[in-house]
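Enquirer: First the structure, which I've put down as structure tokens, then a few questions once you've had a look.
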Amino acid sequence: MTLLDGKLVSEELKKQIAIEAAELLEQTGRKPHLVAILVGNDGGSETYVASKMRNCEKVGFKSSLIRYNDSVSENELLIKIQELNLDSSIDGFIVQLPLPKHINPEKVTEAIDYKKDVDGFHPINLGRMQRNLPCFLPATPFGIMLMLEFYGIVTAGKNCVVIGRSNIVGSPMSILMARNANPGNATVTLTHSKTINLKEFTLKADIIIAAIGQKNFVTADMVKDGAVVIDVGMNREISTETKSGFKLYGDVDFDNVAPKCSYITPVPGGVGLMTIVSLLKNTLSAAKKEFY
Ligand code: GUN
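Heads up, the final residue of the sequence shown is numbered 304 in this note's numbering, and it's a clean run with no missing numbers.
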């Protein structure tokens, strides 16, 4: 069993991003600039956004955080998005999800100029992804593809079962894995909460991508010998074991599943770190006007 080491891969990729950012600074006098909007104070979102900002600085990008409290109106947020769309000093921006219930995430996502949509959530970017055209790819699925590529894991012709059909992970993941590209070219089954007898599908899977948001959801009896298991779970639980007071659990029962796998991602230290690198890659692409 080989551990897919998000720390190792992300550090390698960040070195290259830092080199390209330095070159861009020399050529244009500008650093790539990412802005994040954070609404409310959800503990998970706070941590992820802080990490995104910190990583920007590490690779020589400029980063800015715009905070609102939970009570911000949808309209106020949409006005801010228009402002950021028009601000030529900003290469890309993200609105951290989830948003409070009174704000429609679809409206927010579509308000972002697709040319600055470094999360890759805008329907234009999703449509272009599906057509295999240059575009911003959603950060977590993109990060998983980079991880598979780094380890030279063959996906062509393999049975890939994605568990979870979220807009952020499962759904775009299924498209990327099925695309005529490398990595890609897999035979993909997108499973979800209404899937009957999930185990029947997972037992045939050469590659399992678990993005369901439930601790220990994927158990050893669901995994065939030699499978590649990618764990997207970020289930936070209160814990006295860690400095932060929280412990992160994946969607996979790691201790029992890992011995059966050819490759597996740990949580933490796997996919989460790759998500951030992908966001940095997208921001660099935006600064270079690589796609639009
Ligand atoms: N919430 C969970 N993952 C993400 C992400 O990749 N981007 C944003 N904006 N919010 C998220």
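In this text, a Cβ means the ideal position worked out from N, Cα and C, and glycines have one as well.
Since the model is a prediction, treat every value here as computed from it, not as a measurement.
Taking the straight line between their C-alpha atoms, what separation do you get for isoleucine 220 and arginine 143?
Expert: Locating residue 220 in the sequence shown gives position 208, counting from the first residue. Locating residue 143 in the sequence shown gives position 131, counting from the first residue. Cα to Cα, isoleucine 220 sits roughly 24 Å from arginine 143.
Enquirer: Can the beta-carbon of aspartate 263 be found closer than 8 Å to that of glycine 245?
Expert: Start at 1 with the first residue of the sequence shown, and residue 263 comes out as number 251. Start at 1 with the first residue of the sequence shown, and residue 245 comes out as number 233. Yes, these two residues count as a Cβ contact at 8 Å.
Enquirer: So, is threonine 40 buried or exposed, given that buried needs 16 or more other C-beta atoms within 10 angstroms?
Expert: Here residue 40 refers to the residue found at position 28 of the sequence shown. By the 10 Å Cβ count, threonine 40 comes out exposed.
Enquirer: Assign cysteine 273 to one of three DSSP states: helix, strand, or coil.
Expert: For the purposes of this step, residue 273 is taken as residue 261 along the sequence shown, with counting starting at 1. Looking at cysteine 273 - three-state DSSP - the assignment turns out to be coil, as it is neither helix nor strand.
Enquirer: Quick one: what's aspartate 243 bridged to in DSSP?
Expert: Here residue 243 refers to the residue found at position 231 of the sequence shown. DSSP lists Ala222 as partners of aspartate 243.
Enquirer: Start and end of the alpha helix (DSSP H) containing alanine 62?
Expert: Stepping through the sequence shown from its first residue, residue 62 is reached at position 50. Residues 55-70.
Enquirer: Taking the Cβ atom as the reference point for each residue, do aspartate 265 and valine 230 lie within a distance shorter than 8 Å?
Expert: Walking along the sequence shown from the start, residue 265 turns up at place 253. Walking along the sequence shown from the start, residue 230 turns up at place 218. In contact: aspartate 265 and valine 230 (Cβ atoms closer than 8 Å).
Enquirer: Given glycine 182, which residues of its chain have a CB within under 6 Å of its CB, disregarding the five upstream and five downstream residues?
Expert: As a first step, residue 182 is located in the sequence shown; it is residue number 170 there, counting from the start. The answer, listed in chain order, is Val174, Gly176, Ala223.
Enquirer: By how many angstroms is the C-alpha of aspartate 17 removed from the C-alpha of phenylalanine 154?
Expert: Numbered from 1 along the sequence shown, position 142 holds the residue referred to as residue 154. Numbered from 1 along the sequence shown, position 5 holds the residue referred to as residue 17. Annotation: phenylalanine 154 to aspartate 17 spans about 16 Å, alpha carbon to alpha carbon.
Enquirer: For valine 181, does the three-state DSSP call read helix, strand or coil?
Expert: Against the sequence shown, residue 181 aligns to sequence position 169. Valine 181: coil per DSSP, three-state reduction.
Enquirer: Looking at the unbroken beta strand (DSSP E) that takes in alanine 210, where does it start and where does it end?
Expert: Working through the sequence shown from its first residue, we reach residue 210 at position 198. Position check: residue 210 holds leucine in this sequence, whereas alanine was assumed. Taken as a continuous stretch (DSSP letters only), leucine 210 belongs to no beta strand (DSSP E), being part of the alpha helix (DSSP H) at 210-214.
Enquirer: Among Glu253, Pro271, Ala193, which residue has its Cα nearest to the Cα of aspartate 237?
Expert: Taking the sequence shown and counting its residues from 1, the one referred to as residue 237 is at position 225. For aspartate 237, the nearest C-alpha among the options comes from Pro271.
Enquirer: When the Cα atoms are used, what is the spatial distance from tyrosine 275 to isoleucine 31?
Expert: Taking the sequence shown and counting its residues from 1, one reaches residue 275 at position 263. Taking the sequence shown and counting its residues from 1, one reaches residue 31 at position 19. About 30 Å.
Enquirer: Could you tell me the boundaries of the alpha helix (DSSP H) in which arginine 140 lies?
Expert: Counted from its first residue, the sequence shown places residue 140 at position 128. Note, arginine 140: alpha helix (DSSP H), 135-142.
Enquirer: By Cβ distance, which residues of its chain are closer than 8 Å to glutamate 253, with the 5 residues on each side in sequence left out?
Expert: On the sequence shown, residue 253 is found 241 positions in, with the first residue counted as 1. Lys259.
Enquirer: Helix, strand or coil for glycine 132? Go by DSSP, reduced to three states.
Expert: Position 120 of the sequence shown, counting from 1, holds the residue named residue 132. Coil, per DSSP.
Enquirer: Are leucine 292 and lysine 26 close, meaning C-beta to C-beta below 8 Å?
Expert: For this step, residue 292 is matched to residue 280 along the sequence shown. For this step, residue 26 is matched to residue 14 along the sequence shown. For leucine 292 and lysine 26, yes; Cβs fall inside 8 Å.
Enquirer: Whole angstroms is fine: what's the gap from leucine 156's alpha carbon to glutamine 226's?
Expert: Here residue 156 is taken as the residue at index 144 of the sequence shown, counted from 1. Here residue 226 is taken as the residue at index 214 of the sequence shown, counted from 1. Residue identity check: residue 156 is isoleucine in the sequence provided, not leucine. Roughly 19 Å separates the two Cα atoms.
Enquirer: Taking the DSSP output, what are the residues bridged to cysteine 147?
Expert: Taking the first residue of the sequence shown as position 1, residue 147 is located at position 135. Answer by DSSP bridge pairing: none, since cysteine 147 is not bridged.
Enquirer: Rounded to whole angstroms, what's the CA-CA distance from asparagine 97 to lysine 255? Just pull it up for me.
Expert: As a first step, residue 97 is located in the sequence shown; it is residue number 85 there, counting from the start. As a first step, residue 255 is located in the sequence shown; it is residue number 243 there, counting from the start. Straight-line measurement puts the Cα of lysine 255 at about 38 Å from the Cα of asparagine 97.
Enquirer: For the stretch 63-119, list the alpha helix (DSSP H) runs that are entirely contained and at least 4 residues long, ordered along the chain.
Expert: 86-98
Enquirer: When you compare the CB positions of proline 135 and leucine 160, do they come within less than 8 Å of one another, or not?
Expert: Taking the sequence shown and counting its residues from 1, one reaches residue 135 at position 123. Taking the sequence shown and counting its residues from 1, one reaches residue 160 at position 148. Taking 8 Å as the Cβ cut-off, proline 135 and leucine 160 do not qualify as a contacting pair.
Enquirer: Under a criterion of Cβ closer than 6 Å to any non-hydrogen atom of the ligand GUN, which residues qualify, in chain order?
Expert: Ile106, Val107, Gln108, Leu109, Asp131, Ala151, Thr152, Ile180, Thr287
Enquirer: What is the DSSP secondary structure of lysine 206, reduced to helix, strand or coil?
Expert: Locating residue 206 in the sequence shown gives position 194, counting from the first residue. Note: lysine 206 maps to coil in three-state DSSP.
Enquirer: By the 10 Å Cβ neighbour count, where 16 or more other Cβ atoms means buried, how is glycine 132 classified, buried or exposed?
Expert: As a position in the sequence shown, residue 132 is number 120, starting the count at 1. So glycine 132 counts as buried.
Enquirer: Between Glu118, Ser101, Ser75, Lys70, which lies nearest to leucine 90 when the distance is taken from Cα to Cα?
Expert: Locating residue 90 in the sequence shown gives position 78, where the first residue counts as 1. Ranking Glu118, Ser101, Ser75, Lys70 by Cα distance to leucine 90 puts Glu118 first.
Enquirer: Would you kindly check if the distance between the Cβ of leucine 50 and the Cβ of serine 57 is under 8 Å?
Expert: Taking the first residue of the sequence shown as 1, we reach residue 57 at position 45. Taking the first residue of the sequence shown as 1, we reach residue 50 at position 38. Result yes, Cβ atoms of serine 57 and leucine 50 sit closer than 8 Å.
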